[in-house]
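Trainee: There's a structure below that I have some questions on.
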Amino acid sequence: MHEITDPAMGGVVGAVTYDTPADVDAAVHKARAAFADWSGQPPGVRADVLLKLADRMAARAAEYAMVESGQTGKTLRLATEFDVPGSIDNVTFFAGAARNLAGLASAEYDPDHTSVIRREAIGVVGSIAPWNYPLQMAMWKALPAIAAGNTIVLKPAEITPLTTLMFAEDAHTAGIPAGVINIVNGLGPVVGEALVGHHDVDMVSFTGSTPVGHRVMSLAAKRGARVHLELGGKAPFVVFDDADLDAAIQGAAAAALINTGQDCTAATRVYVQRPLYERFVDGVSDVFSSISMGDPRDPSTDMGSLVSLAQRDRVSAFVDAAVLRGAKITAGGVLPTGFLAEGAFYPATIVTGVTQDDPIVQEEIFGPVLVVLPFDSDDEGIALANDTPYGLAASAWTHDVYRAMRAQREIRSGCVWINDHIPIVSEMPHGGVKGSGFGKDMSIYSLEEYTAMKHVSWDITGVARKPWHRIIFADRIPAP
Ligand code: NAD
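So the sequence shown is numbered by my numbering: it starts at 9 and just counts up by one.
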């Protein structure tokens with residue numbers, strides 16, 4: 009058994025047995041066996057059981073939140089107000105959305121044929137999820153897939169499998185047939201690769217870091233399997249000189265510190281136009297310095313711990329290395345002492361005085377660290393926002409409608425917020441461009457990802473010798 013530990017307060021919160029490649033093979037077989045029945049159900053039947061699942065999860069919402077907080081170190085408030093309700097909303101959204109797939113109208117696009125578009129389930133989907141929002145990521149992977157009629161084998165991150173197992177248990181109780189949702193546990197290079205490389209997995213859906221995503225894609229490419237990749241982010245937060253400074257400071261703090269910064273869309277790089285720069289740095293540093301860190305279950309705690317001591321050390325190493333290169337720390341930046349030193353705690357940290365090419369600006373840190381840099385012209389602000397390998401999310405802060413219009417058009421990312429940063433809804437797509445991957449989670453667009461489009465063309469003439477056969481038999485079929 010592998011114990012799952014609470015990275016904030018210590019202690020064991022659960023345990024799982026790691027699966028073997030043979031177990032993965034058995035899970036894929038179960039998913040394959042369940043596919044014909046499940047994909048053959050009318051969408052309304054699948055929707056009914058998904059709605060029962062939503063009810064079941066809502067009845068256990070407090071337990072889900074407690075377990076999610078326990079295995080990740082995130083605050084119970086975040087799990088209660090964001091992770092769990094967001095996940096349940098996803099279930100109800102996909103229950104409805106799968107009944108409303110759209111396509112081109114069936115019609116005669118030439119006089120001799122009626123064309124019909126079908127959207128069909130792809131088959132067995134192998135899904136791999138990260139640890140930052142374990143329940144939500146499991147939902148984003150599983151729901152569009154199963155709502156569309158696929159069956160799945162899902163591997164949660166090895167350090168945070170518990171709420172994914174609760175979800176699978178509730179899906180079973182709600183009436184989702186055996187074999188539709190299969191969970192496998194274990195390490196990425198062993199269990200993940202066995203899943204990605206399995207010959208009978210029709211599609212691989214991965215959310216995680218960019219390097220692992222590339223590895224997953226290369227394994228899937230060996231057999232030409234369809235791939236969906238949601239990868240890392242390094243979201244820019246661009247503050248123009250007409251912005252509401254207070255709103256930008258509050259917004260940057262909330263957007264950088266949500267989930268202790270372990271959010272692929274978190275604000276990580278703030279670019280502030282020169283006239284506001286000093287005041288922004290002072291203001292945001294004050295807010296960061298006021299953040300209380302501690303027991304994630306204490307309602308007065310603002311920020312919990314990182315997911316593991318290894319992640320804390322990684323974040324700390326990023327900041328320490330930047331300091332050695334001349335970075336200035338205006339809040340945080342020092343590992344806590346006392347009982348917090350035992351857990352994976354790292355303080356809310358502001359870094360200034362670095363250049364655009366510094367690793368702390370270019371690379372994903374995944375911690376409560378915000379880098380602030382100045383810019384002069386609008387051109388420069390937008391160019392800096394685009395200057396990393398990532399393209400997942402971004403925000404622009406301005407009251408000038410033309411600046412806002414320009415920013416939403418020219419910043420290359422899967423999402424651009426105007427005067428806010430973070431809110432998401434089940435109806436809208438989430439997914440990146442550039443090094444952040446491709447494909448969409450949530451929304452009707454994710455149903456497109458998990459379905460294959462089929463064109464069915466019906467002859468409506470009943471004629472044996474069709475006019476187009478002239479291409480082959482010119483001398484035997486008269487010209488029109
Ligand atoms: P990770 O890439 O280390 O691991 C993700 C998953 O992949 C885990 O389940 C892991 O066990 C598995 N894995 C690891 N090596 C593997 C391999 N060789 N083959 C198959 N599977 C393997 O990522 P993480 O540290 O768990 O999560 C953080 C990352 O996830 C960040 O980069 C973050 O930006 C990204 N993320 C992206 C999104 C998005 O929607 N774009 C959402 C959440 C997290």
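Quick reminder that beta carbons are idealized off the backbone N, C-alpha and C, glycines included.
Quick caveat, the model's predicted, so the values are computed rather than measured.
1) May I ask which residues mark the beginning and end of the alpha helix (DSSP H) holding ASN98?
2) Report buried or exposed for ALA243, applying the criterion of at least 16 other Cβ atoms within 10 angstroms of its Cβ.
3) Determine which residues share a DSSP beta bridge with MET461 and list them.
4) Which class does ARG320 belong to by DSSP, given the choice of helix, strand or coil?
5) Any heavy atom of the ligand NAP inside 7 Å of the beta-carbon of TRP466?
6) Quick one: complete alpha helix (DSSP H) runs, 4+ long, within the stretch 240–326?
7) Between MET17, GLY18, ALA16 and ASP27, which has its C-alpha nearest HIS10's C-alpha?
8) Measure the alpha-carbon distance for THR357 versus ALA329 and round it to whole angstroms.
9) Buried or exposed: which applies to GLU372, given that a residue is buried once 16 or more other Cβ atoms fall within 10 Å of its Cβ?
10) Could you give the uninterrupted runs of the alpha helix (DSSP H) lying entirely in the stretch 106–169, keeping only those of 4 residues or more?
11) Closest to ILE167 by C-alpha separation, out of ARG54, VAL315, ALA349 and SER421, would be which residue?
12) Within the present structure, is the beta-carbon of GLY241 separated from the nearest heavy atom of the ligand NAD by less than 7 Å?
13) On a Cα-Cα basis, can you pick out the residue from ASP250, ASP249 and ALA274 that is closest to GLY259?
14) Would you say ARG231 touches the ligand NAD, meaning its beta carbon is less than 7 Å from a heavy atom?
15) Quick one, which of ILE257, THR309, HIS236 and SER217 has its alpha-carbon nearest ASP290's?
16) Indicate, with yes or no, if the ligand NAD has a heavy atom lying under 7 Å from the CB of CYS423.
17) Excluding the 5 residues preceding and the 5 following ALA129 in the sequence, name in chain order all residues of the same chain whose CB lies nearer than 6 Å to its CB.
18) Tell me which residues share the same chain as VAL116 and place their Cβ nearer than 8 Å to its Cβ, disregarding the 5 neighbours each side in the sequence.
19) In whole angstroms, what separates the C-alpha of ALA35 from that of ALA176?
Mentor: Judging by the given coordinates:
1) 92–105
2) With 16 or more other Cβ atoms within 10 Å, it is buried.
3) ARG127
4) Three-state result, ARG320: helix.
5) Of the ligands one can find in the structure shown, namely the ligand NAD, none is the ligand NAP.
6) 253–265 and 282–297
7) ASP27
8) 14 Å
9) buried
10) 142–155
11) VAL315
12) Checking the Cβ of GLY241 against the ligand NAD gives yes.
13) ALA274
14) For the ligand NAD, no non-hydrogen atom lies closer than 7 Å to the CB of ARG231.
15) ILE257
16) no
17) SER47, ALA156, GLY157 and ASN158
18) Looking at the sequence shown, residue 116 is not Val but Glu. So the qualifying residues of the chain are THR122, SER123 and ILE468.
19) 13 Å
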